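For any residue, its number in my numbering is found by taking its place in the sequence shown, counting from 1, and adding 502.
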Amino acid sequence: CVRSLLGMASQVWNADGLSQEDLMLKDQCILLDMNDNIIGYDNKYESHIFCPERPRAKLHRAFSVFLFDESGKLLLQQRAKEKITFPEVWTNTCCSHPLTGCVPPEEDSPEDVANGTVMGVKNAAVRKLKHELGIEASELPLEKFKFLTRMHYWAADVVTHGETAPLGEHEIDYILLIQTPVTLKPNPEEVMDTKYVSYMQLLREMQPESGLLWSPWFRIIALQFLGLWWEDLPKALTTDEFFDPKTIHRFDCSEEHMGGAGGAGPWLNMKGSEFGDQWLGQVAVNKGKAPKVPELKSLLQKDEEGKYRLEADE
């Protein structure tokens, strides 16, 4: 996609021939205030850089898809080692970002959230399920996706990039469920492995003794919500029993993902306001608009081990 606000026409997203670094520069994330209102746009690099001035980067919109087969097993993926953030972790079926300037469009309004249609994030989900797992759009009818709720969380990728990790996630995550048979053709630059699991198998594999790494967003969703939805999957998919468009559930990450280049610590679990985060505090002071700040991509350096760090701005 390209950003129409830059005076360029919207277009169909295409990743052919593009590296992970190319996509981080090309894709334009949707920036948000504390209440999920759109305040601007920025590329994935700038949206995900943790630094002293923005300890949790820039809050942006995301989605998480939970795809179940006909027997009720959940499809998991292991993110590829080439991924710049949270490589090699196991996570839900697909998790990514709706973008601005796409055809079909991927932006949703408060009205879309309230009535549960959220066609924007559903379009984004279909796009990324094709890109990451090779699932054709014909196998993913939009009407089968069920939007349930939103979750605000953050996490520094200190497991990958060390205590001063300059990259991480800070998202309001739209959670989508779908049950449908699909044909998988995983993209090796995006996905290392896949598997279907039962709920009991998932619980066993998420125990520390398994030695498996899990994404911070999936860990929160699995512990806070997933069991209730999975216990009565038909009800979750076909009724509004679990549909909650009004609440933005807010969680800090687990301790292992705190810190990073900005030294971020507990905030959301303590019912903190936007002024508990430097970027969101600036947004509030700027009357709900994304403030203009220096770009940091040029300061991002990768060492021989593939770990990123921020160089001092001389």
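Note that CB positions come from ideal geometry on N, CA and C, so glycine has one too.
None of these values were measured; they are calculated from a predicted model.
Checklist entry - Considering Asp675, what are the terminal residues of the beta strand (DSSP E) in which it resides? => result 670-681
Checklist entry - Does the stretch 703-715 come close enough to the stretch 597-604 that 3 or more CB-CB pairs lie under 8 Å? => result no
Item to check | Buried or exposed by the 16-neighbour rule on C-beta atoms within 10 Å, applied to Pro612 | outcome: That one is exposed.
Next on the checklist: On the DSSP letters alone, give me the boundaries of the alpha helix (DSSP H) that Tyr565 sits inside.
Outcome noted: Residue 565 is actually Phe in this sequence, not Tyr. Run containing Phe565: none in the alpha helix (DSSP H); it sits in the beta strand (DSSP E), 562-570.
Next on the checklist: For a test of the three-state rule: what should DSSP assign to Arg556, helix, strand or coil?
Outcome noted: strand
Next on the checklist: Can you check which of these residues, Arg629, Pro718, Phe727, Trp731, is closest to Ser756 by C-alpha distance?
Outcome noted: Residue Pro718 is the option with its Cα nearest to Ser756.
Checklist entry - Given His751, which residues of its chain have a CB within under 6 Å of its CB, disregarding the five upstream and five downstream residues? => result Met653
Next on the checklist: Going by DSSP, what residue range makes up the alpha helix (DSSP H) through His633?
Outcome noted: Element bounds for His633: 621-635.
Checklist entry - Leaving out the 5 sequence neighbours to the left and right, which residues in its chain are closer than 6 Å to Asp779 when beta-carbon positions are compared? => result Arg558
Next on the checklist: Counting beta carbon pairs with one atom in the stretch 719-727 and one in the stretch 645-661, are three or more of them shorter than 8 Å?
Outcome noted: Short answer: they touch.
Item to check | Integer Cβ distance of His550 from Glu671, believed to fall under 8 Å | outcome: 7 Å
Checklist entry - Quick one: is Glu609 buried, meaning 16 or more other Cβ sit within 10 Å of its Cβ, or exposed? => result Answer is buried; the Cβ neighbour count reaches 16.
Checklist entry - Are the stretch 519-528 and the stretch 765-784 touching by the rule of at least three beta carbon pairs closer than 8 Å? => result no
Next on the checklist: Using CA atoms only, rank isn't needed, just tell me which of Gly808, Phe777, Lys546 is closest to Glu664.
Outcome noted: The question names Glu, yet the displayed sequence has Gly at residue 664. Of the candidates Gly808, Phe777, Lys546, the one whose C-alpha sits nearest the C-alpha of Gly664 is Gly808.
Next on the checklist: Can you tell me whether His599 is helix, strand or coil according to DSSP?
Outcome noted: coil
Next on the checklist: Short of 8 Å in beta carbon distance, which residues of its chain neighbour Val699, apart from the five on each side in sequence? Order them along the chain.
Outcome noted: Lys575, Leu576, Leu578, Glu707
Next on the checklist: My output table needs one value for Lys799: the three-state DSSP class, helix, strand or coil.
Outcome noted: Judged by DSSP in its simplified three-state form, Lys799 adopts helix.
Item to check | Spatial distance of Gln637 from Leu631 (CA atoms) | outcome: For the sequence presented, residue 637 should be read as Ile rather than Gln. Each residue's alpha carbon lies about 6 Å from the other.
Item to check | Nonlocal neighbours in the same chain, by C-beta distance under 6 Å from Gln580, ignoring five residues either side | outcome: Trp592, Met694, Asp695
Next on the checklist: By the DSSP assignment, the alpha helix (DSSP H) with Ile723 in it spans what residues?
Outcome noted: Run containing Ile723: 718-723, per the alpha helix (DSSP H) assignment.
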